[in-house]
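To start, the structure under review is shown below, and the notes come after it.
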Amino acid sequence: MDCYSHSLSHYSKPSVAQCSPSLRLRANLSFDLSGDRRRSRSLRSRPNRAASVAVACEFGGLNAPLEPKSPAGRHLSRVLLNERECLHGAAKEQLELLASEREGALARMSLSLGSTEACLHRRIAELKEHECQTAVEDVMYMLIFYKFSDIRVHMVPRLSKCIYNSRLEIWPSRDWALESIHSFDVLEMVKEHLTTVVGWKADSNVTDNWATTEIQRLQLCRIYAASILYGYFLKSASLRHHLEVRLADANYDLGVKTGTSLPLWSYGLKNIAFDHISNTQSTSVGQVSCSQVKKQEKLRCYVMGFDPEILQMCAMPRSKEALNLIEKHSCALFWDENMGLLEADEVISTSLASLKRFVLEAVAFGSFLWDAEEYVDTVYKLRTTD
């Protein structure tokens, strides 16, 4: 068992609920997705027909799968289209306004306790909380969309706009742009993930990449949503690794023993151990700094050192808003409002190249979600998933 498989084995894999227009993706997704053997039941390839023509998915405008429902979200979508460079300032203004409205409703509820209007103000506060949550999720989504536009990649719109005669193709793929956001170590793990979930191989030729492949809509949805979580995990783990290296450098420069760690509460992280690496070299610790060892350690094997608590901390989004956004985005991408369970079992003809594009987008979405969540939480306190 390699480092990657060992590390993910610590992460529990709940069963996946039946997917429907009210898709529930919160705690029922894992990175492994049942492995290659079981994937073959719903994913199978066959030679490409000469008569088949790839139908390019059309992109244009904002055209994201999820349309903003709140006034704040609609305002930011207009800013994205007309004054893109002003987005972050506009987003901060909206978040400050939402935080003020929520705090005001809670303050009025507290003041009314014990009075005849207590129930009324409690209900108003609940409605305001729900309204603000929807708006904050829209703000996060617009920030994610901005990150995609930064690398000149259009998000895949609703599948119904990309399928013609049950054939799905995403073109242009822009794979290289989606890969460019990752470091070398992260990209290496992304490629392993591609092999695990869709059978992609680095040495695949053009014929293999564009051969007709069939997959159920439900299975593709599961792969996409789990890949979002995997992208979130990789962003969190890679930043954690980078932070450990920096702090190990600080320890070494200050003459602190390499087995001693500096407090990390001010960085928002906890339980980071600097002595989990063993048997790396025969050289004594006194001859090689801890930071030098960590710099040589691949992210893939670094993740193997996570205990279940640390793995869970990195893998699951910290806020309920982020979890809701994954669910809503996946629903919007794969299901139309009038779609029922029969369509969920629909078999889609596509290609390995398009499946790769889906996974790369999902991983990037997860990485951008981490950034958006971090930014929003500095202005508007998000609800934790604890």
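Plus 255 on top of the position in the sequence shown (first one is 1) and you've got our numbering.
Don't be surprised by glycine CBs; every beta carbon is placed ideally from N, CA and C.
Note that the structure is predicted; figures quoted are calculated from it, not measured.
Contact belief for residue i with residue j at Cβ below 8 angstroms, rounded distance in angstroms
i, j, result
"Val-441", "Leu-489", "5 angstroms"
"Phe-400", "Ala-319", "6 angstroms"
"Leu-580", "Leu-624", "7 angstroms"
"Leu-368", "Tyr-635", "Actually they do not touch by this definition, with Cβ atoms about 25 angstroms apart."
"Ser-606", "Asn-464", "7 angstroms"
"Leu-366", "Ala-380", "Not confirmed; about 11 angstroms, so no contact."
"Glu-576", "Gln-388", "6 angstroms"
Proximity of residue i and residue j at Cβ, strictly below 8 angstroms
i, j, result
"Arg-573", "Thr-639", "yes"
"Ile-425", "Ser-622", "no"
"Leu-331", "Ala-346", "yes"
"Leu-484", "Ala-587", "no"
"Lys-611", "Leu-449", "yes"
"Met-395", "Ala-617", "no"
"Ser-435", "Ala-390", "no"
"His-376", "Arg-363", "yes"
"Arg-413", "Ile-603", "no"
"Met-397", "Gly-328", "yes"
"Lys-583", "Glu-338", "no"
"Val-408", "Arg-429", "yes"
"Leu-335", "Leu-317", "yes"
"Phe-561", "Leu-475", "no"
"Leu-502", "Leu-615", "no"
"Ala-492", "Val-445", "no"
"Arg-555", "Glu-443", "yes"
"Ser-415", "Asp-591", "yes"
Enclosing beta strand (DSSP E) for residue i [first to last residue]
i, result
"Ser-604", "602-606"
"Glu-469", "467-471"
DSSP-derived helix/strand/coil call for residue i
i, result
"Arg-422", "strand"
"Ser-574", "strand"
"Thr-371", "coil"
"Thr-640", "coil"
"Gly-523", "With a pLDDT of 37 at Gly-523, under the threshold of 50, the modelled position of this residue cannot be trusted; read the value that follows with caution. Here Gly-523 sits in coil by DSSP."
"Tyr-635", "coil"
"Ser-533", "Here the model assigns Ser-533 a pLDDT of 32, short of 50, so the residue's position is not dependable, and the following value carries that caveat. Coil at Ser-533, not helix or strand."
"Pro-563", "helix"
"Met-410", "coil"
"Asn-579", "helix"
"Ala-492", "helix"
"Asn-460", "coil"
"Cys-569", "helix"
"Cys-387", "helix"
"Cys-586", "helix"
"Ser-289", "Its pLDDT being 40, under 50, Ser-289 is placed unreliably by the model, and nothing is read from it."
"Cys-476", "helix"
"Ser-307", "Note on Ser-307: pLDDT 36, under 50, position unreliable in the model; no value is reported."
"Asn-283", "Any reading at Asn-283 must be qualified, since the residue scores a pLDDT of 46, below 50, and its modelled position is unreliable; the value itself is stated next. Reduced to three states, the DSSP call for Asn-283 is coil."
Limits of the unbroken alpha helix (DSSP H) element including residue i
i, result
"Leu-317", "Element bounds for Leu-317: n/a, residue is neither H nor E."
"Val-559", "It should be pointed out that residue 559 corresponds to Met in this sequence rather than to Val. Residues 554-559."
"Asn-337", "326-337"
"Ala-362", "342-366"
"Asp-255", "Here the chain comprises residues numbered 256 to 641, so residue 255 is not present and cannot be evaluated."
"His-448", "439-453"
"Ala-432", "430-434"
Cβ-heavy atom distance, residue i to the ligand SAH, below 7 angstroms
i, result
"Glu-340", "As far as ligands go, the structure on display features none, and thus does not contain the ligand SAH."
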